[in-house]
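Visitor: Note that the protein sequences, when read in sequence, are chains A and B. The numbering used here numbers the first residue of the first sequence as 5 and each following residue consecutively. The numbering used here numbers the first residue of the second sequence as 5 and each following residue consecutively. Positions of the beta carbon are idealized from the N, C-alpha and C atoms, including for glycine. Since this is a predicted model, take the numbers as computed values, not measurements.
There are 2 protein chains.
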Amino acid sequence: MAAGDDLVAEPPSRLAFLLAQHGAITNDRMRKAFGLAGLTTRQCLTLMLLAGGRMSQQALAEALAVDPSVLVAILNDLERARLAERRRDPADRRRHIVEITAAGNQALTRAQDAVAVVERELFADLDEDELVTLRNLLARVRTSPSDPLCTEE
Amino acid sequence: MAAGDDLVAEPPSRLAFLLAQHGAITNDRMRKAFGLAGLTTRQCLTLMLLAGGRMSQQALAEALAVDPSVLVAILNDLERARLAERRRDPADRRRHIVEITAAGNQALTRAQDAVAVVERELFADLDEDELVTLRNLLARVRTSPSDPLCTEE
DNA sequence: TATTGTTATACTCTATAACTATA
DNA sequence: TATAGTTATAGAGTATAACAATA
Numbered sequence: 005m006a007a008g009d010d011l012v013a014e015p016p017s018r019l020a021f022l023l024a025q026h027g028a029i030t031n032d033r034m035r036k037a038f039g040l041a042g043l044t045t046r047q048c049l050t051l052m053l054l055a056g057g058r059m060s061q062q063a064l065a066e067a068l069a070v071d072p073s074v075l076v077a078i079l080n081d082l083e084r085a086r087l088a089e090r091r092r093d094p095a096d097r098r099r100h101i102v103e104i105t106a107a108g109n110q111a112l113t114r115a116q117d118a119v120a121v122v123e124r125e126l127f128a129d130l131d132e133d134e135l136v137t138l139r140n141l142l143a144r145v146r147t148s149p150s151d152p153l154c155t156e157e
Numbered sequence: 005m006a007a008g009d010d011l012v013a014e015p016p017s018r019l020a021f022l023l024a025q026h027g028a029i030t031n032d033r034m035r036k037a038f039g040l041a042g043l044t045t046r047q048c049l050t051l052m053l054l055a056g057g058r059m060s061q062q063a064l065a066e067a068l069a070v071d072p073s074v075l076v077a078i079l080n081d082l083e084r085a086r087l088a089e090r091r092r093d094p095a096d097r098r099r100h101i102v103e104i105t106a107a108g109n110q111a112l113t114r115a116q117d118a119v120a121v122v123e124r125e126l127f128a129d130l131d132e133d134e135l136v137t138l139r140n141l142l143a144r145v146r147t148s149p150s151d152p153l154c155t156e157e
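(1) Would you call the CB atoms of glycine 27/A and leucine 68/B closer than 8 Å?
(2) Give the C-beta separation of leucine 87/B and alanine 63/B to the nearest angstrom, bearing in mind that I take them to be a contact with Cβ-Cβ under 8 Å.
(3) Which residue marks the beginning of the alpha helix (DSSP H) containing arginine 124/B, and which one marks its end?
(4) Would you mind stating whether phenylalanine 38/A and alanine 118/A have Cβ atoms separated by less than 8 Å?
(5) Please list the segments of the alpha helix (DSSP H) lying wholly inside the segment 15–85 of chain A, counting only runs of 4 or more residues, in order along the chain.
(6) May I ask you to list, following chain order, the residues of the segment 121–134 of chain A that have a beta carbon less than 8 Å from some beta carbon of chain B?
(7) In terms of alpha-carbon separation, which member of Leu40/B, Val102/B, Asp96/B, Cys48/B lies closest to arginine 58/B?
(8) In the structure shown, what three-state DSSP assignment does arginine 144/B receive?
(9) For glutamate 123/A, count neighbouring C-beta atoms within 10 Å of its own C-beta (all shown protein chains included) and say buried if the count is 16 or more, exposed if not.
(10) Leucine 87/B versus chain A: which residues are under 7 Å apart at the beta carbon?
(11) Sorted by chain position, which residues of the same chain lie with C-beta nearer than 6 Å to arginine 114/A's C-beta, five sequence neighbours on each side aside?
(12) So, using beta-carbon positions, are arginine 144/B and leucine 130/A closer together than 8 Å?
(13) List the endpoints of the continuous beta strand (DSSP E) containing alanine 88/A.
(14) Determine, for leucine 79/B, whether the minimum Cβ-Cβ distance to residues of chain A falls below 8 Å.
(15) So that I know if they touch, is there some Cβ in chain A lying closer than 8 Å to that of methionine 34/B?
(16) Helix or strand or just coil, what does DSSP make of aspartate 129/B?
(17) For a quick check, are the C-beta atoms of glutamate 132/B and arginine 146/A less than 8 Å apart?
(18) For alanine 65/B, collect the residues of the same chain with a Cβ closer than 8 Å to its Cβ; drop the 5 residues on either side in sequence, then sort them by chain order.
(19) Quick check: is the beta carbon of threonine 137/B nearer than 8 Å to any beta carbon in chain A?
(20) Using a Cβ-Cβ distance cut-off of 8 Å, determine whether arginine 58/A contacts chain B.
(21) Can you tell me which residues form a DSSP beta bridge with valine 102/B?
This is the structure in structure tokens:
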């Protein structure tokens, strides 16, 4: 959304509008939930990746689909807040190895709890079966850039 | 979303992530489709509203959920491209009445055709029944700010 | 010479408040 | 005094290219 978070207006008739609009609002709710834990969306996504193990900035940038220079800013903020740490890779001193800290894991837990609350609110009117159906249908929407029609410019 | 358009990374396990991510990508595809017709998303939404009849800027700004000062920029661009026109309301000379032009309607038609293409691509793997199910499930997601839990800050 | 991370710059969006002209 | 629209300004976010250290 940024630029994202467009389309928060008008009752849409087309399914694409409906999906875009509900997605934008969901994005917004999650951003607020992360905010309760003192995190931006990108900081939270970064911590989620780091929770799976240490990574180089290169790998992180690719996984987050952000420019390396953007990641620098994200990590500067996380490091200042003591939620993550950079250290040189002894094997290749050009590389930084990025690790989540204990405080980072705690912040991540708080953020994920907040998202769980958002989820319960968003999907309160759907039962278990419907949630499974929604998940399966969404998973089959062709949003992967794998097919040739969707090659990014 | 602008800003929006976050969350274009990582396989999400939570449904909220899935919805936010697919929504962001859908938003992005639509933005590109509108671009083919020479329109931004907001310009297109504005023309869609104007296609329903002339409106004051106040009413437009509220329907689009944008600040009046943002609408000024949108309308300046649309007017420069001769897709919409402002004229004073004789009944209250503070007001502007905004109208779509013939060229505006043509641009809107092109944009909507482009969105239809995007829709066919996105939902190519779903049959008619599934599309109806998806639409109904999405419509029941609590994204309206009507319930008290979601009061914006 | 290529790669990793960093810095600098510019451009877009957005939010806010101050301003004008009308009422 | 209040309202409709406009302008100006500052802040966040993003994209790009140039740069330093290391390989």
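Guide: This is what the structure gives:
(1) In the first sequence, counting from the first residue as 1, residue 27/A sits at position 23. In the second sequence, counting from the first residue as 1, residue 68/B sits at position 64. Taking 8 Å as the Cβ cut-off, glycine 27/A and leucine 68/B do not qualify as a contacting pair.
(2) Stepping through the second sequence from its first residue, residue 87/B is reached at position 83. Stepping through the second sequence from its first residue, residue 63/B is reached at position 59. That pair is no contact at about 18 Å.
(3) Numbered from its first residue, the second sequence carries residue 124/B at position 120. Per DSSP, arginine 124/B belongs to the alpha helix (DSSP H) from 106–126.
(4) Translated into positions along the first sequence, residue 38/A becomes position 34. Translated into positions along the first sequence, residue 118/A becomes position 114. In contact: phenylalanine 38/A and alanine 118/A (Cβ atoms closer than 8 Å).
(5) 19–40, 45–54, 61–68, 72–84
(6) Val122, Glu123, Glu125, Leu126, Phe127, Ala128, Asp129, Leu130, Glu134
(7) Working through the second sequence from its first residue, we reach residue 58/B at position 54. The residue with the shortest Cα to Cα distance from arginine 58/B is Val102/B.
(8) Translated into the one-based positions of the second sequence, residue 144/B becomes position 140. Arginine 144/B falls in the coil class under three-state DSSP.
(9) Residue mapping note: residue 123/A aligns to position 119 of the first sequence, counting from 1. Answer is buried; the Cβ neighbour count reaches 16.
(10) Along the second sequence, one-based indexing puts residue 87/B at 83. Within chain A, no residue comes near leucine 87/B; the closest Cβ sits about 18 Å away, beyond 7 Å.
(11) The residue given as residue 114/A occupies position 110 in the first sequence. Ala41, listed in sequence order.
(12) Taking the first residue of the second sequence as position 1, residue 144/B is located at position 140. Taking the first residue of the first sequence as position 1, residue 130/A is located at position 126. Cβ distance < 8 Å, so arginine 144/B and leucine 130/A count as in contact.
(13) Position 84 of the first sequence, counted from the start, is the residue given in the question as residue 88/A. 88–93 is the extent of the beta strand (DSSP E) around alanine 88/A.
(14) In the second sequence, counting from the first residue as 1, residue 79/B sits at position 75. It does not: the Cβ of leucine 79/B has no partner Cβ on chain A nearer than 8 Å.
(15) Indexing the second sequence from 1 puts residue 34/B at position 30. It does: the Cβ of methionine 34/B has a partner Cβ on chain A nearer than 8 Å.
(16) To locate residue 129/B, count along the second sequence from 1; it is residue 125. Residue state, collapsed to three classes: coil.
(17) What you label residue 132/B is simply residue 128 of the second sequence in a count that begins at 1. What you label residue 146/A is simply residue 142 of the first sequence in a count that begins at 1. Their beta carbons are not under 8 Å apart, which means glutamate 132/B does not touch arginine 146/A by this criterion.
(18) Translated into the one-based positions of the second sequence, residue 65/B becomes position 61. Answer for alanine 65/B: Asp71, Pro72, Val74, Leu75, listed in chain order.
(19) Taking the second sequence and counting its residues from 1, one reaches residue 137/B at position 133. Judged by the 8 Å Cβ criterion, threonine 137/B is in contact with chain A.
(20) Position 54 of the first sequence, counted from the first residue, corresponds to residue 58/A. No - not a single Cβ of chain B is within 8 Å of the one on arginine 58/A.
(21) The sequence position of residue 102/B within the second sequence is 98, counting from 1. In DSSP, valine 102/B forms a bridge with Met59/B, Arg90/B.
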